[in-house]
Each structure stands twice: as structure tokens, then as C-alpha cells.
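What the sequence shown shows, in mature numbering (1 follows the signal peptide of the UniProt record, and there is no 0), is residues -28 to -1, 1 to 662, in sequence order.
The beta carbon of each residue, even a glycine, is placed where N, CA and C say it ideally should be.
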Amino acid sequence: MTLKFASAPSILPAIAVLLLFQLCVTDGGWVDPDSQNVVTTSIIDGTQYSLVMSDEFEAKGRGFADGEDSVWTALDKSDDDMSAAGGGSLHFYNSTHATTSNGFLNISTTSSKTTWTGYNPFKESFVDLEKTYKSAMVNSWNKFCFTGGIVEIDAILPGDPNTAGLWPAIWILGNLGRATYEGSTNGIWPWSYDTCDRDKQHAQHLSGCSSVNHYGMNPMMGRGSTEIDILELMPGEKGWLPSTAPKIQRPYGAMTLQVAPGVEKNRPQSGHPPGRVGNDGTNGFPPTEPQSWYEGLGFGSNTSMNPFFYGTYLGETKPEEPTHRTKKEAFQADAVGAMHQLTRAHFERVHTYRMEWQPGKNGRIDWFVSTEGGRERPGLKKKVIEDGDEEEDKENTKNKHHKQPTHPPQFDPASKILPQTSSKWTHAFSIEDSSLSNLVGSQIPAEPSYLLFNTAVSSTWGFPYDTPDTCKKCYSCFDPECACALPPGFCDSLKDGKTSMLVDSVRVYQSNDHSAHVGNKHTVGCDPIEYPTREFIEGHEGLYMRPLPFSDKHALLPLKSGGGECKTDQDCGEGVCTKESELSFWSESTKTICNCGKSGYMGSYCKTKTYHDDKPGAYDYELNTSWFLNRVSIPYIPVELAGFLVALIAGFIGAFVVTLKKKKISGGTYRGIAGNEMTPQFNKRRAFHR
């Protein structure tokens, strides 16, 4: 018998049919079936965008620990890795502090201790570590990513507007960097620079000077993990802040693009607006040059340039730190940001925080906040308004949409006023690509990015700057001697149950018409062909895993499908409560567990919909078009031989079935291989599987 061979292209139609069949019989996409608004209109370009991802958080009691959800992962780790960059972090992220209730994603913050044994690189030994606050970070890293489009987050902000201490954030980050995993972000965050610059090549680890496409990267293409903060909340004591125009006070929302490379010389000084004009040293003043900062930034009503944070210098590290940067690898990152005035209403009712992102060269980013609030925080008790509060809230919430705000004298003359064209939205802040490229050559981010929600507690955010020399300078609510270093009322605020950030919904819309908007086309997926990430992450997986004492084998656990202990079907969401012995011939366990079957839901308790990309990524495309598949011959199997193989397999199956039938017990009860009984109830459950 002779074998004939067929080339790979001859079997590609069959592969295509198989892939199409697979897509037809599995759930695809990322849209929550509970979502109502499937389209929206861009405020900037006026065209229609379609819903590509959403989560309404309607199912009660969802868990977000690693492996429990196909979209989200809640971290279980400290916020820092014992490096200088982690200074000020006071909390431990605990996945139990993220759940769903009353139709909200609930991210809670508590004063509670976490102790563990970890490696201290400065002491070169394992030591006992402790954090005195717990909170949660929920993100979609390496699960759901998108590039460009409109993001809408309906949320109620946590805590009291005039009590400092909490640091809530709603943001996106490029998939090549995993938040809080400093090994993955070192030399990657927050680069958005697609130029071969030999002076910056060492600092940007994935620079545009690399001509070799290692780990699936495209050659001569600069990559990074840029951060866009849709909102970072700064609560605290009232009082107009200096150098803000128009005048802003706490609470305010910071809206920021963090990007590298940054301005290296003549930078603005923290606490002061950019000095656009220098002096020649007359009148006793030393000579100065005009300060360099981004021109053409747009600011809307109740929004000021943020003069308190212009960026971060990532300098040379100490040899013992877990992440390493040499002197050549040190660089300046910029924070191009605005401060938008918030009020007590943002802590009591749902408001929508919207970002329109057109990625890449010639792109832009625009931030919006809804002018009206939605439903109230569950169990809300109205606070008695103190003298002066009512007047200040009225001042902060004046409707200025039909007035063009004027610039006070100290406003940056290189910026522009954003027209307010909608009574529903405040157009707060805008950055165009030319603002970046004209100054330092960076660009609006074009990386596939993931969503993050978290509340942090840091001594560098809202905590007292100046404390008495007699102050112990500790930050625990459990130690009375630490009170002098804590924000007034902070510890009490953690007890009233209102320190939860409540996310009502997440929606991402994208345009199907690439010509209707500026910038690059919109994509869904963490591994798009234009900006691949999968091979790089898998090739450097250790950078995306927790350090000792954790024993992670992979960056993410496999997704779970049932397995949670239950008493009734009601405990199992869309699944059923089943005896563990009914799911395996080998088990003799009497424990009952949730069985998701083919319900389309997953997690230990079958409460979260199963989502995944419905289009292949760069790695999948590479496999299907690889040199090997297109050059290695595939054996052609004649019909006669194929029939013989099928008959042989059928014979094995038949013999196995006959063996099982011999074990049949009279009375209709079936005894499995392990001796456990399978009753008619089992047959009912098997139908559920189908």
C-alpha cells in the first residue's frame, strides 16, 4: 500500500470549516446579556459605536479570585514588592473584598491585618510582614483587552468626600504590564514611543531599535504599557487649592495620561503651573528659561490643569532591589493631567465616567463626567449638612454648560477651552496626539489595554504631610499612637460600611468604520496582530507571577467550572448541585458540589457568564500561517484505511460498553467502576450535561 501526500494548503478549507463550526457551537464575545444599551454615539465625531464588552454585575455573590471569572481577576497579594517604588503602600489586596450585591461590583476597604512571611531583599532573608488594611483590585489583565473606543463606567465613589485616606481608581493599562507586578512593568511602563532613539534604547526595554522579532514582536516597533487614568479620587478637607484655575477643592477627580518618554529639562515645579515665560535675571532674580510642558491641552467646566503631579522619575535602583535599573536605564515619565471638581453627590449616587480613546498617531483622548446622578447608594443615610457645605456644593455644581468659562490670569495660556455641547455631559479634559509628538515624540497609546478598578491606601495620598516630631509616624488604626499620622476621621470612616466603591456597570463601545474617527482602528483582544503580547508574556511568565512565599506555577490559574460545595441548586447560580460521586466513576465522595455542565456559566458556583475572544489573535494567526504548516507535508489517508481505523476505534468502544454492562445490577441501579450507585437522579443530571 502506498501513501499519498497532500500539501498544507489543501487542508486549509477543512481547518477553516472546523474553526467556523467551533465558533458556532461556543459562546463568543464579551457582551453581558443583561445589557440594554447596545449602541452609543461619539460626542467627538458624532458617529455610532457598537457595544463590544459589558458587565452589569446583576448576579449576586460573584467571586473574582484567580480562576473564578473569565473576564476579571481580583488580586491576592501585597500592593508592592519590597522596592522603593512600593513606598507608602499600606494595604493588602484580598479577593474576598470584591464581590457583587444589589447589582453592583462592591470593592470594600477595611482596617484589618494581614501577616505573612516574605523575602526582604534588603535584609536578604525571609521576614514576617504585615499590612493593616485590606482592599481589592479587580482587573481584566490578559483576559479582556481592547484598543480604542468609548468606555463608560457607572460608579459610586467610596467613603466621605471630606475624609482623606482612600485612593480609588478607575483606569486602563497596556497588557504588557501587569499592575503591582513590578518585574513586568520595569522598563515597560508607561512607554508610548515608536521611534528608534539610541539615547533612550536602554530605558525602553522594547524599543523601536530592535530589528529581530523575538517573542512574536514586530521588528523596529517601540512597545510599552501606557496608563490612562479615567478617574483617581482625591478626597479630603475643604479649601480652595493653590495654583488651580478655575479654583478646585477636594474632593476632585484626577484624569491623567501617564506616558514616557517625558520632559527632561526645564520641567514645571510641583504646586505651580508651568512657567511659560523666563526672565533675564533682573530685579535680583536668577535667570530662568521658559518651562517646557504640553501645549494644546483642553480643559472644560470645573476642570483645572493638575499642578501637583507632573510625573515620576524612575532612577537607578539599589543593587538589592527586586527590580533593576542601571543609570542608562533611568528615565522620566510624565503625567499629563487635569483635576475635575466633584461633590458629595458623586459619593451618594451613580455617575458615569466616560472616556473616548482614539489610539495611535493622530489620535486623541477625551474625558467626560455625567452631569446628573442615577440610583442611590443602597442603605444611604443622608449626612446632616454643616454650615457652609450647602453653599460650596452649589458653587461646585453650577451648570456651566451654556456658558463659556474664562481663564483666570494664572491659567496656562498654552491650553484651550473645551466647548460644552451637551447638557448630559461635562467635557472635562482632552489630549490630542500633536501635544505629545510635538514636545517629546511620544504618541497617544495604541497598546491593547485592560480595565482596572481598585481602592488603595497609601501614606503618600491624602495623608498628613507634616506631623509633629513627637508623632510615631505609623499608620495603623489599631495603635492609638498612630493617630497623629492619620487623616482625621479616617479610621472611623472605615467602620460605617460606606467605604465601598460600587461599580454599577462597565461598557466598552467601538466603531466599525475606521474612517469615521482619527487614529488607528479599534480592536478587541489582548493579542492583536498589530500589537501582539501573548508570546512575550508566556516567554517571561515569571515576571507576571507573585514572588515567594507564593508558589505560583502560572500567571493565571485555569478557569474553574463548578466544584464549589453546595446544598441545593440555588447555591449554584445557573448550574446544579450534584453529588461529586455522580460526576466521576472513580469517586466515592458523598460531598455535593456545583456542576456548571454546558450552561454557559463558570466559576466555582456557576454565577459568571463564560466569555472569550471570538476572533483569533496574533499567536493563533502565526500558528495557522507558520513556515512549518506551509512546508511540511501532511499524509493523505485513503478512505479504506480511514474506515478501518474508525471500525477499530468503534470496536474498542463496544468492548468497553459490554464490560460495563456486565456490571449492571438488577433493580435499575447501576454500580460504577468505583462501586458507587448511580440512581435515576443521575440520569437526570446527565441530561443537564448535554
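Is Thr68 helix, strand or coil by DSSP?
For the purposes of this step, residue 68 is taken as the residue at position 96 of the sequence shown. It is helical.
Is the beta carbon of Gly146 closer than 8 Å to that of Glu419?
As a first step, residue 419 is located in the sequence shown; it is residue number 447 there, counting from the start. As a first step, residue 146 is located in the sequence shown; it is residue number 174 there, counting from the start. Going by C-beta atoms, Glu419 is nearer than 8 Å to Gly146.
Selection from Gly547, Gln330, Met109, Cys568 that minimises the alpha carbon distance to His494:
As a working note, residue 494 is residue 522 in the sequence shown. With distances taken between CA atoms, His494 lies nearest to Gln330 out of Gly547, Gln330, Met109, Cys568.
Strand pairing of His323, partner residues [DSSP]
Locating residue 323 in the sequence shown gives position 351, counting from the first residue. In the DSSP output, where bridge partners are listed per residue, His323 has Ala127.
Taking only runs of the beta strand (DSSP E) that begin and end inside the region 399 to 481, which ones reach a length of at least 3 residues, in chain order?
Runs of the beta strand (DSSP E) lying entirely within the region 399 to 481 and spanning at least 3 residues, in chain order: 421 to 429.
Kindly provide the ranges of any beta strand (DSSP E) runs that are 3 or more residues long and lie completely inside the region 95 to 153, ordered along the chain.
Within the region 95 to 153, the complete beta strand (DSSP E) runs of at least 3 residues are 97 to 103, 105 to 107, 109 to 111, 121 to 128, 138 to 146.
Rounded to the nearest angstrom, what separates Lys444 and Leu458 at their Cα positions?
In the sequence shown, counting from the first residue as 1, residue 444 sits at position 472. In the sequence shown, counting from the first residue as 1, residue 458 sits at position 486. Approximately 11 Å between the Cα atoms of the pair.
Anyone know if the C-beta pair for Ala305 and Gly208 falls short of 8 Å?
Position 333 of the sequence shown, counting from 1, holds the residue named residue 305. Position 236 of the sequence shown, counting from 1, holds the residue named residue 208. Contact: no.
Run through DSSP, which three-state label would Glu236 get?
For this step, residue 236 is matched to residue 264 along the sequence shown. It is coil, neither helix nor strand.
With DSSP run on the structure shown, which of helix, strand or coil describes Glu507?
One-based indexing of the sequence shown puts residue 507 at position 535. Looking at Glu507 - three-state DSSP - the assignment turns out to be helix.
N- and C-terminal bounds of the beta strand (DSSP E) containing Glu594
Counted from its first residue, the sequence shown places residue 594 at position 622. For Glu594, there is no enclosing beta strand (DSSP E); the residue is part of the alpha helix (DSSP H) that begins and ends at 590 to 596.
Evaluate the contact criterion for the region 492 to 507 versus the region 102 to 118: three or more CB pairs, one atom per stretch, below 8 Å.
The region 492 to 507 makes contact with the region 102 to 118; the number of CB pairs closer than 8 Å reaches 3 or more.
Count the other CB atoms within 10 Å of the CB of Glu102; is the residue buried (16 or more) or exposed (fewer)?
As a working note, residue 102 is residue 130 in the sequence shown. Exposed, by the Cβ-count rule.
Please classify Tyr65 as buried or exposed, where buried requires at least 16 other C-beta atoms within 10 Å of its C-beta.
As a working note, residue 65 is residue 93 in the sequence shown. With 16 or more Cβ atoms within 10 Å of its Cβ, Tyr65 is classed as buried.
Sufficient close CB pairs (3 or more, under 8 Å) joining the region 234 to 245 to the region 167 to 177
The region 234 to 245 is not in contact with the region 167 to 177.
With a CB to CB cut of under 7 Å and the five nearest residues on each side skipped, what residues in its chain are close to Asp592?
Numbered from 1 along the sequence shown, position 620 holds the residue referred to as residue 592. Excluding five sequence positions before and after Asp592, none of the CB atoms of its chain fall closer than 7 Å to its own CB.
Going by beta carbon distance, what residues of the same chain come within less than 6 Å of Cys181, once the five residues before and after it are set aside?
Within the sequence shown, the letter at position 209 stands for residue 181. If we look at Cys181 and ignore the five residues flanking it on each side, its Cβ neighbours are Cys168, Gln173.
Spatial neighbours of Gln221 within its chain, please: CB distance less than 7 Å, with the 5 preceding and 5 following residues excluded, ordered by chain position.
Start at 1 with the first residue of the sequence shown, and residue 221 comes out as number 249. Result list for Gln221: Lys210, Gly211, Trp212, Leu213, in chain order.
Please list the terminal residues of the continuous beta strand (DSSP E) segment that includes residue 682.
Residue coverage of the chain in this structure runs from -28 to 662, which leaves residue 682 outside it and unanswerable.
So, do the region 396 to 409 and the region 42 to 53 have three or more beta carbon pairs nearer to each other than 8 Å?
The region 396 to 409 is not in contact with the region 42 to 53.
Can you list, in chain order, the residues of its chain with a C-beta nearer than 7 Å to that of Asp6? Leave out the 5 residues immediately preceding and following it.
Position 34 of the sequence shown, counting from 1, holds the residue named residue 6. By the criterion of a C-beta distance shorter than 7 Å, Asp6 is surrounded in its chain by Glu28, Glu30, once the five residues flanking it on both sides are discounted.
Using a Cβ-based criterion (distance less than 7 Å to any ligand heavy atom), does Gly572 qualify as near the ligand COA?
Because no ligand of any kind appears in the structure shown, any question about the ligand COA cannot be addressed here.
Suppose you measure from the CA of Pro240 to the CA of Lys219; what does that come to, to the nearest Å?
Here residue 240 corresponds to residue number 268 of the sequence shown, with the count starting at 1. Here residue 219 corresponds to residue number 247 of the sequence shown, with the count starting at 1. The straight-line gap from Cα to Cα measures roughly 19 Å.
Assuming Gly465 and Asp132 make a contact with CB atoms under 8 Å, what is their CB distance in whole Å?
Along the sequence shown, one-based indexing puts residue 465 at 493. Along the sequence shown, one-based indexing puts residue 132 at 160. In the sequence as displayed, the identity of residue 465 is Ser instead of Gly. Between Ser465 and Asp132 a beta carbon distance of about 5 Å is seen, short of the 8 Å cut, so the two are scored as contacting.
From Thr631 to Trp558, what does the alpha carbon distance come to, in whole angstroms?
Indexing the sequence shown from 1 puts residue 631 at position 659. Indexing the sequence shown from 1 puts residue 558 at position 586. CA-to-CA, the gap between Thr631 and Trp558 works out to about 16 Å.
Skipping 5 residues on each side, what residues in its chain have a beta carbon closer than 7 Å to that of Pro377?
On the sequence shown, residue 377 is found 405 positions in, with the first residue counted as 1. Residue placement at Pro377 is poorly supported in this model, since its pLDDT is 46, which falls under 50; the coordinates still yield a value, given next. Closer than 7 Å at Cβ, skipping near neighbours: Pro218, Ser273, Ile389.
Please check the pair Ile142 and Ile79, which I expect to be a contact at CB under 8 Å, by giving their CB distance rounded to whole angstroms.
Sequence index remark: in the sequence shown, residue 142 carries index 170 (1-based). Sequence index remark: in the sequence shown, residue 79 carries index 107 (1-based). That belief does not hold up - the Cβ atoms of Ile142 and Ile79 are roughly 10 Å apart, past 8 Å.
In angstroms with no decimal places, state the Cα-to-Cα distance between Glu301 and Ser26.
Here the question's residue 301 lines up with position 329 in the sequence shown. Here the question's residue 26 lines up with position 54 in the sequence shown. Their backbone Cα atoms lie some 39 Å apart in a straight line.
Looking at the unbroken beta strand (DSSP E) that takes in Phe76, where does it start and where does it end?
Indexing the sequence shown from 1 puts residue 76 at position 104. Its beta strand (DSSP E) spans residues 76 to 79.
Cut-off 7 Å between Cβ atoms - residues of its own chain near Asp166, not counting five sequence neighbours on either side
Here residue 166 corresponds to residue number 194 of the sequence shown, with the count starting at 1. Cβ neighbours of Asp166 beyond the five flanking positions: Gly180, Met193, Gly194, Gln415.
Which residue wins for smallest C-alpha separation from Asp451, given the options His318, Asp441, Cys463?
Taking the first residue of the sequence shown as position 1, residue 451 is located at position 479. With distances taken between Cα atoms, Asp451 lies closest to Cys463.
Which residues does DSSP pair with Trp2 in a beta bridge?
Numbered from its first residue, the sequence shown carries residue 2 at position 30. Answer is Met25.
Where the beta strand (DSSP E) through Tyr285 begins and ends:
Within the sequence shown, numbered from 1, the residue matching residue 285 stands at position 313. For Tyr285, the enclosing beta strand (DSSP E) starts and ends at 283 to 286.
When burial is assigned at 16 or more other CB atoms within 10 Å of the CB, is Ser97 buried or exposed?
The count along the sequence shown starts at 1 and reaches residue 97 at position 125. Exposed, since its Cβ has fewer than 16 Cβ neighbours within 10 Å.
Quick check on the DSSP output: the beta strand (DSSP E) that includes Glu199 runs from which residue to which?
Counting from one through the sequence shown, the residue named residue 199 turns up at place 227. Its beta strand (DSSP E) spans residues 199 to 206.
Which residue or residues does DSSP assign as beta-bridge partners of Ser50?
Here residue 50 corresponds to residue number 78 of the sequence shown, with the count starting at 1. As a beta-bridge residue in DSSP terms, Ser50 pairs with Phe64.
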